Amino acid sequence: MKKNLSWETHGFLQRYERQIVWIMKRSLFMFCILFLNFTAFAFSQKVTINLGSVTLHEALKEIGKKTNVDFFYSEEELDANRKVYVSFKDEDLSNVVSTLIGENFKLEKQGEGLYLIIPKEVSDFQDQFIVNGVVTDENNQPMPGVTIMVKGTRVGTSTDFDGKFRIRVAKENTLTLSFVGYLKQEIVIKDDKDLKIQLKPDVAELDAVVVTGIVERKKETFTGTVNTISGDEIREIGNLNIIESVKTLDPSFIVLENNLQGSNPNILPTIEVRGKTSISTDDLRDSYGADPNSPLFVLDGFETSLRRIMDLDMNRVASITILKDAASTSLYGSKAANGVVVVETKRPKEGKLQVNYIGDYNIQFPDLTDYNLMNAEEKLEFERLSGRWTSSFPELEYQIRMDTLYAEKLAEVRRGVNTYWLSEPTQTAISQKHSVYVSGGTDEIRFNTGVSYRAAEGVMKGSGRDTWNANVDLTYRKGKWNISNRLYLGGYDARESNYGSFRNFAEANPYYRKYDEFGEITRYFESVRVKDFYGFNVVNPLYYSTLNSKDETNNFNITNNFGINYDISSVLRFQGQVQLNKVIVDQEIFVDPEDPKFDDVNFFERGEYRRSQVNSFGYRANAGVVYHDLWGEKHMINGNVRFDIEEQNNEAYNTTTVGFPAGSNGNPGFAFSYKPDSKPGYDIRKYRRNNILGSVNYAYDNRFLLDATYRIDGSTAFGSNEKYSPFWSVGAGWNLHNEMKVKSDVLNLFRVRQTLGYTGNQNLGSIASTSIYTYLNRVNGFGTGLGLTTLANPDLEWQRTYTTNLGIDLAMFKNRFDAQFNIYTKKSEPLVVPVDLASSTGLVSYPLNVGRLDVNGLEVIAGYKVINDLENRITWRLRATAAMVNMEYGGFDNTLRSLNDQAVADGEESFLEDKPLNEESLRRYRDGYSPDDIWAVPSLGIDPASGREVFLKKNGQTTYEYDNDDAVVVGTSRPDVEGVISSYFNLKDFSFNLNVRYRFGGQNFNNALYQKVENISVRDITLNQDRRALYDRWQQPGDISQFKAIGLTGYTPISSRFVQDENVLIGESINVGYRASNKKWLSAIGIRTLRLNAYMNDIFRISSIQAERGIDYPFARSVSFSINAMF
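Residue numbers for the sequence shown follow the numbering used here, so the first one is 6 and each next one is one higher.
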């Protein structure tokens, strides 16, 4: 039979094609005989080529162009139109071509620059058979372009676009699989059964791919500063929520302690990534604005809320990537100044039906160790020394009355009354969560669906949070199309404790009994009189638990994400996404008319019912193209252009009714009226944003790196004359390890990066775009009047942050040691701040652009594998992180004097109204100082002679008189350095993980000293106090004491005596785990993989100071268990 012959010719050969055909046809048989056994030919030319999915004909043509080589083959024997995946780096030309042509053909040299592709002889296939297989990644996604070689030979192939391969082997042959970013794997062939091989990521390569939520970049060529955390790493820390785990794994991700709300499950945490960029005041936010210093959260490519991330089932998370510098965050432009947290959930997997069950069980114990309260005997003695039982009148009868009252209390103490009130409103909270996920599908259609439910109790009785989630994910892949749809439904029911504030129990006197002689909870303990003239009722804090008061919130949200990808060519892809989102939040607060707060209120106004509802609907859509190609052998280019639009519509309704009959359950139909001088409230806000983005990533020879991004954002949040603002970034890097001529086992990675650029902040809400009026409740001859409530500032500029970052990535000693160092600066200018207006305007404040905030910081992440015996599955890894941040205001001059004056007034108000000191009372907005600085008047201590405090004035003089103008910086609340030290040990199927947080060098304003050792008013004498108020206060001349005279009940101003150096160690996470897979005893009950974990979170805390924590809601220690079974 006559055969059709084909070859690719280049250079001079093109001019002599007919002659060559004549020679080749007549010489083919001779060449085959002469070179039949020639397999070890010199074919050592290196090739780097990345074409993606092309035909074999196109691949050989391009390879020929690059190498000046011609390939000769028969079109009847070799299917040159079949698709192959071409992606090779520094590979021998022989290996490249052999991989592409497949195991049925071999390559023989016919002369200089001319090679023959012919079928293998029958003898080559003796005792061989065909093996088919598929290669997937850790998420069971197909992996195209995986190189598969028969070990010890040049026979090989590569996987196609769907991860499939076909290769001829002999029994006991070993297949070697390799792919960038994954561990090399070897498979011994026993028979011709189909193979399904899953490659594992190479952690040593420091996360080969960076997921930004918009585009994916190779870590090796990306100049941005990012930290990618896998879902498994998050679940190794704990099973409480995502935020609690991430803060342990990244030093720049700081969760600030909420000393008022402690572990309240219904309170969102305050989060900072690399410090602050804004001034946070209520005047700068409408009811929909987020914390202006909180990072942006992105879930599966779309912006989302912190609440959604908190309630997300951790078991669905595939990875979390924290974007920190301009090169990585500028992709999000005006929303990225505080960093970006990108959360990717697991995608549908191909294969037979797979069922996962996860059960999480959590036990929380209230942490009350920081409370140092008096017992009954100590408290009564404190009252005696403070003069409570001393009459202020000279007549004896008054003193006899006081002595009688004291004797009654003393008798109770002698009878053993010593009530421990802290345990009354608290409980051992038990929570449980159950999740079931089902996934599977074919090459073309895959699905993943699941449900989860969590019932979580709080450590305060009656408080808790129940959340539920459901998802349906579908993916369709065929040819050039990839279509996906993700439907998410969720909700929660949150309830606050009906026991009231924990502070009430911490203040209750221990010499009071909980119940009366009939075993009933009384409304009041007694009506007391202090020094003959100050009388009031002392409420039994347990009484609040008997009322019908409630504070409940329920939420429902539904989100649908639709995405479509179309491969225009092997190097160009179209991407489009649309998100629809609906959220409904409904809150009811009812205060029982029997609440003691209504004792002095008109009968028809006792009891209060507040109802508020927020409905939000929004859409986001984007479309763009992504380009990826390798030019020549050394120029790799990635680029994308994208356009986004967004609209969010918020509608809020609220009303307050008062006056309820006794025993009412909060039905608003029983209310007597609306709250006086009020009416129902209704508010509609609409936000619109759009932007266009362009970015490019370039790498030369995998040595020199460049990233550039430019984005223009438009928003209705700022002035009407400033609707659009540009944001950009540039980054450069140098892979110094690739400059080495010879690869070294000592230095595996040495990359230097430098980035700079601008990002913005839109977390302030819609504060300036439109003036808002309201109808007045007065009518005149001209009709109903209007009142101005919000004055627009049409020239309000966007708040922009200029960021620079210098980073080093390092890996040494066969990747046993790895480290990342980053030095960065952030300059936010101009800030948006509220400035007081004249009272004649009828407005409280007006937003203006003024001042700046500079941030300088350093981050370090370092790890070392002490033991790395992968063969025996024994590893021990040590890891340490550290973060240092310094911030400074500038450009304010005297513009924010009103905010500074308010801080002073707030400090005095906390004493007069008996409230915990607001931390803002310690802050000042002054040039050259930090938002974390603690301002107070310097104190020289207590005068031993008089028991009075001695202050130091700015001119160096000493005085007994306090002057606010003498206040200076006496400390900073931010530690000098903060981080986590970790140890991870794995032995076969068992693992142990320990994470300890440290904070060194900061100061703390000890509110317990300020309000429970001093600042004890006449009324507060009747409440329980810190034991130091009895033992450490000045009592007589000559005493050397830290605190002033025990009998002084007046106001103590804020001074440096209450500021203490604080160093802290926290047992943030301890985990013990067991993993069993493909065990006979598991197979017997239908389980393929079983994972068991036990956790302890925040199990200990060691501090250099003793300060009360969890004022209104206590902190908690957690012990958790988790079971994960895959069927």
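For glycine and all other residues, C-beta sits at the position ideal for the given N, C-alpha and C. These numbers were taken from a predicted model, which means no experiment stands behind them.
Q | Exposed unless 16 or more other CB atoms sit within 10 angstroms - verdict on VAL942 | A | buried
Q: Answer with buried or exposed for ALA1089, where buried requires no fewer than 16 other C-beta atoms within 10 angstroms of its C-beta.
A: exposed
Q) Name the DSSP beta bridge partners of ARG616, please? A) GLU593 and THR660
Q.
Would the stretch 697-706 count as touching the stretch 661-679 if we require 3 or more Cβ pairs under 8 Å?
A. no
**Q.** Own chain partners of ASP706 with C-beta closer than 7 Å, once the 5 adjacent residues on each side are dropped
**A.** Spatial neighbours of ASP706 in its own chain (CB-CB distance under 7 Å, excluding positions within 5 residues in sequence) are listed in chain order as LYS639.
Q) DSSP state of LEU211, grouped into three classes? A) A caution first: LEU211 carries a pLDDT of 38, below 50, which makes its placement in the model unreliable, though a value can still be read off. LEU211: coil per DSSP, three-state reduction.
Q.
Which same chain residues end up closer than 6 Å to GLY505 when comparing Cβ atoms and leaving out the 5 residues on each side of it in sequence?
A. TYR549
Q: Leaving out five residues on either side along the sequence, give the residues of the same chain with a beta carbon under 8 Å from the beta carbon of THR977.
A: For THR977, where only same-chain residues beyond five positions count, the Cβ hits under 8 Å are SER935, ASP937, ASP938, ILE939, GLY1007 and GLN1008.
Q: Please classify THR334: is it buried, with 16 or more other beta-carbons within 10 angstroms of its beta-carbon, or exposed?
A: THR334 comes out buried.
Q: Give me the Cα-Cα distance between SER103 and PHE93, rounded to the nearest whole angstrom.
A: 12 Å
Q) Just the Cα atoms here: how many angstroms apart are GLN266 and VAL260? A) 14 Å
Q) How many angstroms separate the CA atom of ASP604 from the CA atom of ILE435? A) 37 Å
Q: Pick helix, strand or coil for LEU904, following the three-state DSSP scheme.
A: helix
(Q) When you compare the stretch 401-411 with the stretch 490-506, are there three or more beta-carbon pairs, one atom per stretch, that lie closer than 8 Å? (A) No, the stretch 401-411 does not touch the stretch 490-506.
(Q) Is it the case that the stretch 983-991 contacts the stretch 883-903, given that we only count it when at least three CB pairs across the two stretches are under 8 Å? (A) yes
Q | VAL588 versus LYS384: straight-line alpha-carbon distance, rounded | A | 51 Å
Q.
For a test of the three-state rule: what should DSSP assign to ASN423, helix, strand or coil?
A. coil
Q: State buried or exposed for THR764, treating a residue as buried only when at least 16 other CB atoms are found within 10 Å of its CB.
A: buried
Q. Helix or strand or just coil, what does DSSP make of LYS71?
A. LYS71 carries a helical assignment under DSSP once its states are collapsed to helix, strand and coil.
Q: List the endpoints of the continuous alpha helix (DSSP H) containing ASP237.
A: 236-242
Q: Starting from the C-beta of ASN55, find all residues in its chain whose C-beta is less than 6 Å away, skip the five residues before and the five after it, and write them out in chain order.
A: Here ASN55 has SER92 and LEU635 as same chain residues with Cβ atoms under 6 Å from its own Cβ, once five neighbours each way along the sequence are excluded.
Q. Sorted by chain position, which residues of the same chain lie with C-beta nearer than 6 Å to ASN1102's C-beta, five sequence neighbours on each side aside?
A. Close CB contacts of ASN1102 within its chain, under the 6 Å cut and outside five residues either way in sequence, are with GLY243, SER1074 and SER1123 (chain order).
Q.
Assuming THR141 and PRO147 are in contact, meaning their beta carbons sit under 8 Å apart, how far apart are those beta carbons, in whole angstroms?
A. 6 Å
Q: Taking 7 Å as the cut-off, decide whether the C-beta atoms of TYR930 and LEU904 are in contact.
A: yes
Q. By Cβ distance below 8 Å, which residues in the same chain neighbour SER575 in space, the five residues on each side in sequence not counted?
A. Exclusion of the five residues before and after SER575 leaves LEU56, GLY57, SER58 and VAL59 as the residues of its chain whose Cβ lies within less than 8 Å of its Cβ.
Q) Among TYR520, ALA824 and ASN361, which has the Cα closest to the Cα of GLY455? A) ASN361
Q: Keeping to the same chain, check which residues put their C-beta closer than 6 Å to that of TRP881; ignore five residues upstream and five downstream.
A: VAL871, ILE872 and PHE990
Q.
My parser needs the alpha helix (DSSP H) runs of 4 or more residues fully inside the stretch 1053-1089; what are they?
A. 1085-1088
Q: Flag this pair as yes or no: are the beta carbons of ASP478 and ASP167 separated by less than 7 Å?
A: no
Q) GLU238 to LEU390, Cα distance in whole Å? A) 56 Å
Q. Of all the options LYS205, GLY338 and SER1060, which has the alpha carbon lying nearest to the alpha carbon of PHE875?
A. Position check: residue 875 holds Leu in this sequence, whereas Phe was assumed. Per the Cα distances, LYS205.
Q | Pairwise C-alpha distance: PRO852 and GLU610 | A | 37 Å
Q.
Let me confirm a value: TRP1086 is counted as buried when at least 16 other C-beta atoms fall within 10 Å, else exposed. Which label applies?
A. Under this definition TRP1086 is an exposed residue.
**Q.** Simplified DSSP state of ALA341, which is helix, strand or coil
**A.** coil
(Q) Classify ASN899: buried if its beta carbon has 16 or more other beta carbons within 10 angstroms, exposed otherwise. (A) Result: exposed.
**Q.** Delimiting residues of the beta strand (DSSP E) encompassing ALA797
**A.** Unbroken run through ALA797: none, as it is neither H nor E.
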